[in-house]
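Residue numbers (our numbering), protein chains in the order written: chain A, 100 to 427; chain B, 533 to 795.
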Ligand SMILES: Cc1cc2nc3c(=O)[nH]c(=O)nc-3n(C[C@H](O)[C@H](O)[C@H](O)COP(=O)(O)OP(=O)(O)OC[C@H]3O[C@@H](n4cnc5c(N)ncnc54)[C@H](O)[C@@H]3O)c2cc1C
Ligand SMILES: Nc1ncnc2c1ncn2[C@@H]1O[C@H](COP(=O)(O)O)[C@@H](O)[C@H]1O
C-alpha cells in the first residue's frame, strides 16, 4: 500500500529552520519506495515564501496557514492545526526535524492521532512496503530499529545534520492549500511574553564546526583559547559537563547525555577525556579531533586525529594556522 | 498545591564498561537509577511545594523493581509515591505509557501542576510527558529552565523555556504540565532521615484492574511501534596521532582538515 508523506516545515518569523529541509530530504529518501506523494505543511504569519521553497524542495502540495497567532511556534495551535490537516491526508508518514519544537509537536500530534512515533532518527529505509526507522537509544550505547503497527499515521523526527537537502529546483510546481488557524488566540492557553535570542553566537545544534573545552581548560579563562579557535573556524563553542558543573561556562554549551546532541562536520575536543556520557552527544561527528595532554584517553577510540600535548600551546597555534590559511 | 512528579527508572549508564555493554546493562536485573533528568523533575516539584505548601506525589510506571526509584523520591522528600506496574504493561511505547500514566493521574485526583523530565535516557523519546499533557488536554510548557512565577491563587505559571536558539518566557494557565531541563536547579541528595523513612514506606502498586484499564489496551499489543534493539556497530580505532611541536602539528592538522573538506 502506498503511503503519502507529510513534512512539517518549522519556521520562525517567516524563515524556515534549515532542519525542515533536512526532514524534506529524509522524506525524499523514502518517498520513492513508499510510492506516495510528498506534502508539506507550514504554519506562521507570512509563510508564502516558505511554501514556495517547499515546492522547490520537492513538495507536490503545501498546506499553509497564515495567522498572527501562529507567528511564533506554540504547541497547542500548531498541533490542533496539524491534526486537522492530517484528517485530509489518511495514513501518512509525518516527518519533521528533531528540534525542540519538532520533538514536542510530533509527540503531541501523535497522541491526538493515536499514532506510533519514532523520534530523533538517524536513518530511514523501506523494507517491502514498510517504513523502518533507525534511532540511537541508551545514550548511543544501543541502536533501535523501529517499525510501525497498523495502517494509520506514523510520526518520525530526524536528527539534525544527517540528511542532506538537494539543491532547490525552481522549475517545480505544486498546489498550495490555505487552511485557517484551528484555535483563536483566546483558545491558546499560553502567552509568549519575551524572547531572548542568542545573538551573534552560532547555535550548537546547528553548527557544522564545534570546538569544545573540558576540565582540562582548568578554569573560566581557560576557555579563551578554545573560544578563539571556535571563532577562527566560524564554529560554536561546546563544553563537557565537568566544565559546566565547575561553573566555567553556561549549561547551554554542554554537549552530551544531559546536554546537547550534536552532529557537526568537525568536533575539536580540548582537554576532554571522552566519558561515555560526553561521547553520547558527539561521537557521530564526521571528523573528531582530540587534544589532550594524556597519551591515552577514551576519546582517542573515537577520534580521527589526536594531538597528545598541552592544549594551551597547541590550541592557539591551530587558531593562528587557521587564520593564516583561511584568511580569517 | 498538589503536584505530581513523573519519574522513570532507567539503567545506570555510569555502570557501562568494557565488561558491561548496553544490552547487558538494559537486561532484567541490571543496575538501575532514577532517570537523571527526573532528578530535576523531583527537585522542581519539591521546591514548588516548599514555596506554596501542598503535597508532591511521585508517579512511576515500570516493573516491580522500579519501586526503588520511588524510594529515592521519598528519600528526597516527596509526600507520596505510586508505582504503576502490571506484566500486561510491558513494552508499552510512549503513547501507551502516557495513556497508563493518565489513568493513574486521574485516580490520584486533583492536581495543579505535573512535572516531568525532558527525556528518559533509555528510550530517549522525549515524548511521554508531552503526550500526557496532550491526552489530559492541559497546557504544556516544555524545556523549562526557570520557574519565574508559580501563582496558585492567580492560577498561572510563568516559565523560561530553553530552546535551541532562544530563551522564551511563557505564561500559562494552571493546571499545566511542565517538563524541565538540567539548568533549572541542583537536585538535592536524599537525607538520612528521608532514607530511613523511605525504607519503611509501603508504596502502593496499581495494575490494570486498579486503573480500570483493559489489559489489551496497554503494553506491546496496544503500541503503535515495535522496536528491536542491538549494540551499535563496533568502531575500529583509526586515529592518526599528530606529532611535533605546536606549529608543525597545527600545520599538519589544518592540512588534514582541509583534505577532509570540513574547514
Ligand atoms: C547521569 C550522568 C550524565 C552526564 N551527562 C554528561 C553530559 O551531558 N556531558 C558530559 O560532557 N558529561 C556528562 N557526564 C559526566 C561525564 O561522566 C564526565 O564526568 C565528563 O564528561 C568529564 O568531562 P571532561 O572530559 O571535561 O573531564 P575529565 O574526564 O576530567 O577530563 C579532562 C581531560 O583533560 C585533559 N587535560 C588536562 N589538562 C590539560 C591540558 N592543559 N591540555 C590538554 N589536556 C588536558 C586530561 O588529560 C583529561 O583527559 C554525565 C555523568 C552522569 C553520571
Ligand atoms: N514509565 C514512566 N513513569 C513515569 N514517568 C515517565 C515514564 N516514562 C516517561 N516518563 C516521564 O516522561 C519524561 C520523558 O520520558 P521519555 O518520553 O521516555 O523520554 C520523563 O522524564 C518522565 O518525567
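Yeah, the Cβ is synthetic: ideal placement off N, Cα and C, and Gly gets one too.
Everything numeric in this text was worked out from a predicted model, so none of it was measured.
Of the listed residues the options, nearest to residue i (C-alpha basis)
i	options	result
residue 181 of chain A	A:318, A:141, A:165	A:141
residue 321 of chain A	A:413, A:377, A:255	A:413
residue 820 of chain B	B:756, B:676, B:633	The first residue shown for chain B is 533 and the last is 795, placing residue 820 of chain B beyond what the model contains.
residue 330 of chain A	A:104, A:240, A:218, A:417	A:417
residue 251 of chain A	A:288, A:193, A:319	A:193
residue 381 of chain A	A:324, A:238, A:277, A:127	A:238
residue 689 of chain B	B:646, B:620, B:681	B:681
residue 184 of chain A	A:246, A:125, A:106	A:106
residue 234 of chain A	B:667, B:670, B:672, B:656	B:656
residue 780 of chain B	A:253, A:397, A:109, A:421	A:421
residue 561 of chain B	B:546, B:542, B:731	B:542
residue 261 of chain A	A:282, A:268, A:230, A:383	A:383
residue 307 of chain A	A:101, A:350, A:112, A:117	A:117
residue 318 of chain A	A:333, A:371, A:304, A:345	A:345
residue 268 of chain A	A:154, A:147, A:392, A:111	A:154
residue 156 of chain A	A:272, A:114, A:177, A:113	A:272
residue 753 of chain B	B:666, B:624, B:788, B:793	B:624
residue 677 of chain B	B:627, B:648, B:736	B:648
residue 201 of chain A	B:668, B:675, B:603, B:597	B:675
residue 393 of chain A	A:364, A:333, A:314, A:323	A:314
residue 717 of chain B	B:683, B:692, B:601, B:792	B:692
residue 569 of chain B	A:357, A:374, A:415	A:357
residue 219 of chain A	A:177, A:199, A:168	A:199
residue 643 of chain B	B:687, B:741, B:699, B:700	B:687
residue 574 of chain B	B:610, B:697, B:785, B:695	B:610
residue 138 of chain A	A:102, A:165, A:391	A:102
residue 794 of chain B	A:340, A:168, A:347, A:388	A:388
DSSP bridge partner residues for residue i (one or two, in chain order)
i	result
residue 681 of chain B	B:690
residue 587 of chain B	B:534
residue 359 of chain A	A:354
residue 253 of chain A	A:192, A:215
residue 784 of chain B	Answer is none; residue 784 of chain B lacks a bridge partner.
residue 220 of chain A	A:257
residue 740 of chain B	Beta-bridge pairing links residue 740 of chain B to no other residue.
residue 391 of chain A	A:407
residue 347 of chain A	Looking at the DSSP assignment, residue 347 of chain A forms no beta bridge with any residue, so it has no partner.
residue 111 of chain A	A:114
residue 543 of chain B	B:564
residue 309 of chain A	A:335, A:366
residue 289 of chain A	B:704
residue 232 of chain A	A:223, A:245
residue 295 of chain A	B:699
residue 711 of chain B	B:648
residue 760 of chain B	A:244
Residue i beta carbon near ligand 3 (any heavy atom closer than 7 Å)
i	result
residue 639 of chain B	Looking at this structure, you won't find ligand 3 anywhere; what it does contain is ligand 1 and ligand 2.
Worksheet item: For the stretch 152-167 of chain A, which residues have a beta carbon sitting closer than 7 Å to at least one beta carbon of chain B?
Response: Residues: none.
Worksheet item: What residues from the stretch 639-672 of chain B come within 7 Å of chain A, judged by C-beta to C-beta, listed N to C?
Response: Answer in chain order: 653, 654, 655, 656, 657, 658, 659, 662, 663, 666, 667, 671, 672.
Discussion item. Using only Cβ atoms and a threshold of 5 Å, which residues come within that distance of a heavy atom of ligand 1? Order them by chain position.
Written reply: Residues flagged by the Cβ proximity filter: A:313, A:314, A:315, A:339, A:340, A:341, A:355, A:356, A:357, A:358, A:370, A:371, A:372, A:374, A:376, A:377, A:391, A:392, A:393, A:396, A:409, A:410, B:546, B:568.
Practice prompt. Just list the alpha helix (DSSP H) runs in the stretch 122-205 of chain A, keeping only unbroken ones of 4 residues or longer that don't cross its boundaries, in chain order.
Written response: For the stretch 122-205 of chain A, whole alpha helix (DSSP H) runs of length 4 or above, ordered along the chain, are 147-155, 174-186.
Worksheet item: In the stretch 222-246 of chain A, which residues sit with their C-beta less than 9 Å from some C-beta in chain B, listed in chain order?
Response: If the cut-off is 9 Å between Cβ atoms, the stretch 222-246 of chain A has 232, 234, 235, 236, 237, 238, 239, 240, 241, 242, 243, 244, 245, 246 near chain B.
Worksheet item: Taking any Cβ of chain B, which residues in the stretch 356-381 of chain A have a Cβ under 7 Å from it, in chain order?
Response: Residues of the stretch 356-381 of chain A whose Cβ lies closer than 7 Å to any Cβ of chain B, in chain order: 356, 357, 364, 365, 375, 376.
Worksheet item: Residues in the stretch 697-712 of chain B with C-beta within 8 Å of chain A's C-beta atoms, listed in sequence order?
Response: The stretch 697-712 of chain B vs chain A, Cβ under 8 Å: 697, 698, 699, 700, 701, 702, 703, 704, 705, 708.
Worksheet entry | Contacting positions in the stretch 582-603 of chain B - beta carbon closer than 9 Å to chain A | Answer in chain order: no residues at all.
Worksheet item: Going along the stretch 268-297 of chain A in order, which residues come within less than 7 Å of chain B, judged by CB to CB distance?
Response: Answer in chain order: 288, 289, 290, 291, 292, 293, 294, 295, 296, 297.
Worksheet entry | Residues of the stretch 615-633 of chain B with Cβ closer than 7 Å to any Cβ of chain A, in chain order | Correct list: 625, 626, 627, 630.
Worksheet item: In chain order, what residues of the stretch 674-686 of chain B put their CB closer than 7 Å to some CB of chain A?
Response: So the list reads 674, 675, given in the order they occur along the chain.
Practice prompt. Residues of the stretch 189-204 of chain A with a CB closer than 7 Å to any CB of chain B: list them in chain order, please.
Written response: If the cut-off is 7 Å between Cβ atoms, the stretch 189-204 of chain A has 198, 199, 202, 203 near chain B.
Worksheet item: Of all the residues that make up the stretch 399-412 of chain A, which are near chain B by a beta-carbon distance shorter than 8 Å?
Response: If you check each beta-carbon in the stretch 399-412 of chain A against every beta-carbon of chain B, the ones closer than 8 Å belong to 399, 400, 401, 402, 403, 404, 405, 406, 407, 408, 412.
Discussion item. Under 9 Å, CB to CB, which of the residues in the stretch 296-329 of chain A have a partner in chain B?
Written reply: Residues passing the 9 Å Cβ filter: 296, 297, 302, 303, 304, 305, 307, 308.
Worksheet item: Considering only residues of the stretch 579-631 of chain B, which uninterrupted alpha helix (DSSP H) runs meet the minimum length of 4 residues and lie entirely inside it, listed in chain order?
Response: Within the stretch 579-631 of chain B, the complete alpha helix (DSSP H) runs of at least 4 residues are 599-608.
Worksheet item: Of the residues that make up the stretch 774-788 of chain B, which ones have a beta carbon closer than 7 Å to any beta carbon in chain A?
Response: Taking 7 Å as the upper bound on Cβ-Cβ separation, chain A lies near residues 774, 778, 779, 781, 782, 783, 785, 786, 788 of the stretch 774-788 of chain B.
Worksheet item: Listed from N- to C-terminal order along the chain, which residues in the stretch 743-757 of chain B have their beta-carbon within a distance smaller than 8 Å of any beta-carbon of chain A?
Response: Under the 8 Å Cβ criterion, the stretch 743-757 of chain B contributes 755, 756, 757.
Worksheet item: Just by C-beta distance, which residues in the stretch 727-740 of chain B are closer than 7 Å to chain A?
Response: Of all residues in the stretch 727-740 of chain B, none has a Cβ within less than 7 Å of some Cβ in chain A.
Worksheet item: What residues from the stretch 553-570 of chain B come within 9 Å of chain A, judged by C-beta to C-beta, listed N to C?
Response: Going along the stretch 553-570 of chain B in chain order, one finds 553, 554, 555, 557, 558, 568, 569 with a Cβ nearer than 9 Å to chain A.
Worksheet entry | Interfacial residues, the stretch 126-143 of chain A to chain B, with Cβ spacing under 7 Å | Within the stretch 126-143 of chain A, no residue has its Cβ closer than 7 Å to any Cβ of chain B.
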